[in-house]
């Protein structure tokens, strides 16, 4: 069954540094993959989505993710972290077309 | 404005006292679902609905009920809450099932004493 694994429950970076949040999926067929962001005391919102149209997906707020089939990965990156990026990030993928499975989340801290 | 609303936003209750958390959307979405978020466990799907009168279990349905009598509403019912149901609950909707972008409500924080 489809599952997603996020490596690192907490990631801390300095402002201006590269952000790298890791997500690996388990699927024998090309999956749909999502990254969602949750700002403090808010619901989740979509950051970006992979649907097999392109392996490099650009999202909001300067984030992007690259689908790598050989590594079964969909890591999220941003070249230069901003204080406003501090949030919790979730990778997700559907199991079939009806259920959605989330990773356990990675909390990003941005230090001044 | 496209919205997913949840009520109440915060709730403190006692073990065994039935409660309902409402979810309403104004986007005419077919797919609605409920999640609970717990520290270190991420979001886990409780129930989902693919359309009116069509509901099914997610990964953690025990102790919960849902109904979908109208397209816009998808209430979550805890008939006999227990302390292990203390959690942050989110409702989400999408136009077309789990493969589409989910739109989340603001969350309901529940404490069961």
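Residue numbers (our numbering), protein chains in the order written: chain A, 26 to 137; chain B, 29 to 141.
Glycine residues also receive a C-beta, built at the ideal position from the N, C-alpha and C atoms.
Bear in mind that the values here come from a model prediction, so they are computed numbers and not experimental data.
| message | When you compare the CB of residue 32/A with every CB in chain B, is at least one pair closer than 9 Å? | response | no
| Excluding the five sequence neighbours on either side, which residues of its own chain have a C-beta within less than 7 Å of the C-beta of residue 114/B, listed in chain order? | 138, 139 and 140
| request: Express the C-alpha separation of residue 134/B and residue 97/A in angstroms, rounding to a whole number. | output: 32 Å
| task | Return yes when the Cβ of residue 102/B is within less than 9 Å of the Cβ of residue 122/B, no when it is not. | result | no
| task | Mind listing the chain B neighbours of residue 89/A? Cutoff is C-beta to C-beta under 7 Å, in chain order. | result | Simply none; closest approach about 17 Å.
| task | Taking the CB atoms as reference points, tell me whether residue 46/A and residue 102/A lie closer together than 9 Å. | result | yes
| Do you know offhand how far residue 62/A's Cα is from residue 78/A's? | 22 Å
| Cβ-Cβ distance between residue 57/A and residue 30/A below 9 Å | no
| message | Quick check: residue 86/A and residue 72/A, are their CB atoms within less than 9 Å of each other? | response | yes
| Between 111/B, 32/B, 63/B and 105/B, which lies nearest to residue 54/B when the distance is taken from Cα to Cα? | 32/B
| Contiguous beta strand (DSSP E) assignments of at least 3 residues, all confined to the region 30-74 of chain A | 35-39, 44-51 and 58-63
| field | Own chain, CB closer than 7 Å to residue 52/B, minus 5 neighbours either side, in chain order | value | 33, 100 and 101
| request: Kindly confirm or deny that the region 122-129 of chain A and the region 67-85 of chain B touch, where touching means at least three C-beta pairs closer than 8 Å. | output: yes
| field | Cβ-based burial, residue 118/A [other Cβ within 10 Å; buried from 16] | value | buried
| Buried or exposed: where does residue 48/B fall if 16 or more other Cβ atoms within 10 Å of its Cβ makes it buried? | exposed
| message | Output needed in chain order: residues of the region 44-74 of chain A with a Cβ under 9 Å from some Cβ in chain B. | response | 57, 59, 61, 63, 66, 67, 68, 69, 70, 71 and 74
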